[in-house]
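For the sequence shown, the numbering used here begins at 18 and goes up steadily by one.
Step one of this worksheet: look at the structure below.
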Amino acid sequence: MEFIRREEPYSGMVVRTTENGKSYRVARKHPDDPDSLALCEFLPGGSGWCPIRDLTETERAEYNQFIASQR
Numbered sequence: 018m019e020f021i022r023r024e025e026p027y028s029g030m031v032v033r034t035t036e037n038g039k040s041y042r043v044a045r046k047h048p049d050d051p052d053s054l055a056l057c058e059f060l061p062g063g064s065g066w067c068p069i070r071d072l073t074e075t076e077r078a079e080y081n082q083f084i085a086s087q088r
């Protein structure tokens, strides 16, 4: 999985990825749990971000490696 870090309006720096041609934000489902990473999509009507599915263990490892390389 390929990750991209970019700045978005109103959100600051976020991590995004693409799966099956659709762009998702990678975010924690629970702010106090760093292992609760999920692919999230923006809900229609501006209702906010909704988790679609949890990252697999392999994807979490790739994500953590990506974040470590950004420091």
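Using N, Cα and C, we set each Cβ at its ideal position, and we do this for glycine too.
All figures in this text were calculated on a predicted structure; none of them were measured in a lab.
Cβ-based neighbour list, residue i, same chain, cut-off 8 Å, excluding 5 preceding and 5 following
i	result
residue 41	33, 34, 35, 56, 57, 58, 69
Pick from the options that is closest to residue i, judged by C-alpha positions
i	options	result
residue 22	43, 71, 38	43
residue 63	51, 85, 75, 27	27
residue 54	29, 45, 25	45
Residue i: first and last residue of the uninterrupted alpha helix (DSSP H) it sits in
i	result
residue 73	Taken as a continuous stretch (DSSP letters only), residue 73 belongs to no alpha helix (DSSP H), as it is neither H nor E.
Per DSSP, cross-strand counterpart(s) of residue i
i	result
residue 20	34
residue 55	44, 71
residue 29	25
Enclosing beta strand (DSSP E) for residue i [first to last residue]
i	result
residue 45	39-45
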